[in-house]
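Colleague: Below is the structure I would like to discuss, written out as structure tokens.
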Amino acid sequence: MLTGRPSGSPALIAKSQPLRIMAFGDSITAGVGAFGLRVQDGGYRGPLGHLLQQSGYHVTFVGTRNDYSDGLSYPAHEGWPGYVVRSYPSDPGPGQLWGPLARKAMQDDDPDVVLLMAGTNDLLRHEHHATGYTMTNILESMDLLIGEFVRAKPNVFVIVAPVVESPKVDLCTVRTFAGADGCTPFDNSLRAIVDAYARHGYRVSLAPAMMTAVPRDAAHFPDGIHPSGTGGYAAVATVWLHAIEDITQAGTTQQ
Numbered sequence: 117m118l119t120g121r122p123s124g125s126p127a128l129i130a131k132s133q134p135l136r137i138m139a140f141g142d143s144i145t146a147g148v149g150a151f152g153l154r155v156q157d158g159g160y161r162g163p164l165g166h167l168l169q170q171s172g173y174h175v176t177f178v179g180t181r182n183d184y185s186d187g188l189s190y191p192a193h194e195g196w197p198g199y200v201v202r203s204y205p206s207d208p209g210p211g212q213l214w215g216p217l218a219r220k221a222m223q224d225d226d227p228d229v230v231l232l233m234a235g236t237n238d239l240l241r242h243e244h245h246a247t248g249y250t251m252t253n254i255l256e257s258m259d260l261l262i263g264e265f266v267r268a269k270p271n272v273f274v275i276v277a278p279v280v281e282s283p284k285v286d287l288c289t290v291r292t293f294a295g296a297d298g299c300t301p302f303d304n305s306l307r308a309i310v311d312a313y314a315r316h317g318y319r320v321s322l323a324p325a326m327m328t329a330v331p332r333d334a335a336h337f338p339d340g341i342h343p344s345g346t347g348g349y350a351a352v353a354t355v356w357l358h359a360i361e362d363i364t365q366a367g368t369t370q371q
């Protein structure tokens, strides 16, 4: 958790303002299909782009990758399939989002808005008792990752989403991570981390509806991980749209 406050006071965006949006996360951000299928519609990024345009936003998607996006006119993203937020020696195989990758993305992409959803791969390792992947450490990793974004650009908007309720991840594991009710209370959560940044004046907000946006069944999660069934990625896009609307000035219109 960073200390101090960013320069200037928190503000809202206007629809007339050109926005650079960086979608940042793992395979769900990339738009991977069921069982790793390399689809070309960008997952949630395709429908989100259309929704934002229809709503009067002027958006450029930014990122160092453009795979899974051949069918899009806005292919750029920072979705890294298989990556964890922070890796540990017990499982050195996956890349990690925190650290040089996040810093390079901020430097190269210079986003106005970061859409962050990550942690599914960490939570899967947590359930398999991989050393290092405790709930405490995973939440600390998310704290560190958010810190990378606001340290690089203190006035950036960071919208953080809990991971979707993929059936292969235990339901209470997902809800404990998010800070939702209904499971054994934990001394930290994604919600608490986001609230702490907001209290310090950073433009960090939570999109809590993401957790339950996609029905937790095989029709929406054919492989148990990716919401690539009918309407799954579209539901994710709708949550992101509403989260962006929540940081938009009331009454702004298309210019």
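Per our numbering, the sequence shown starts with residue 117, numbered consecutively. Where is the CB? At the ideal position from N, CA and C, for every residue including glycine. Since we're looking at a predicted model, the values are computed, not measured.
For the segment 282-364, which segments carrying the beta strand (DSSP E) assignment without a break, of at least 3 residues, lie completely within its bounds, in sequence order?
Modeller: Listed in chain order, the complete beta strand (DSSP E) runs (minimum 3 residues) inside the segment 282-364 are 320-322.
Colleague: Around the C-beta of LEU188, are 16 or more other C-beta atoms found within 10 angstroms, so that it is buried, or is it exposed?
Modeller: That one is buried.
Colleague: Is there contact here, the segment 260-270 with the segment 166-181, by at least three beta-carbon pairs under 8 Å?
Modeller: Touching, no, given that fewer than three Cβ pairs across the two stretches are closer than 8 Å.
Colleague: If SER257 sits next to ARG202, beta carbons under 8 Å apart, how far is it from one beta carbon to the other, in whole angstroms?
Modeller: Contact flag correct, Cβ pair sits at about 4 Å.
Colleague: So, with DSSP's three-state summary, where would you put GLY209?
Modeller: Reduced to three states, the DSSP call for GLY209 is coil.
Colleague: Could you name the residues of the same chain whose beta carbon sits closer than 6 Å to that of GLY149, not counting the 5 residues immediately before and after it, in chain order?
Modeller: Cβ neighbours of GLY149 beyond the five flanking positions: VAL155, SER344.
Colleague: Which residue wins for smallest C-alpha separation from ARG161, given the options TYR204, MET233, ASP226, ILE129?
Modeller: Of the listed residues, the one whose Cα sits closest to ARG161 is MET233.
Colleague: Comparing alpha-carbon positions, which option in VAL175, PHE140, VAL320 lies nearest LEU217?
Modeller: Closest by alpha carbon: PHE140.
Colleague: Would HIS355 and ALA323 be called neighbours here (beta carbons separated by less than 8 Å)?
Modeller: At residue 355 the sequence reads Val, which differs from the His that was named. In this structure, ALA323 lies closer than 8 Å to VAL355 by Cβ.
Colleague: Only counting runs of 3 or more residues, tell me where the beta strand (DSSP E) segments fall wholly within the segment 184-244, in order along the chain.
Modeller: You should have 229-233.
Colleague: Suppose you measure from the CA of ARG136 to the CA of ALA246; what does that come to, to the nearest Å?
Modeller: For ARG136 and ALA246, the distance between alpha carbons rounds to 37 Å.
Colleague: Can you look up PHE273 in the DSSP assignment and give me helix, strand or coil?
Modeller: DSSP places PHE273 in strand when its eight states are reduced to three.
Colleague: Tell me whether ALA130 sits in a helix, a strand or coil according to DSSP, three-state version.
Modeller: Of the three classes helix, strand and coil, the one that applies to ALA130 here is coil, per DSSP.
Colleague: Quick one: give me the first and last residue of the beta strand (DSSP E) that PHE177 is part of.
Modeller: Run containing PHE177: 174-178, per the beta strand (DSSP E) assignment.
Colleague: How many whole angstroms separate the CB atoms of ILE309 and ASP362, which I take to be in contact at a CB cut-off of 8 Å?
Modeller: Going by Cβ atoms, the distance from ILE309 to ASP362 rounds to 18 Å, so no, they are not a contact pair.
Colleague: Please check the pair ALA436 and GLY209, which I expect to be a contact at CB under 8 Å, by giving their CB distance rounded to whole angstroms.
Modeller: For the chain, the structure presents residues 117 to 371; residue 436 sits outside this window and is missing.
Colleague: Near THR346, what residues of its chain come up, given a Cβ to Cβ distance below 8 Å and the 5 sequence neighbours on each side ignored?
Modeller: Result list for THR346: ALA335, HIS336, in chain order.
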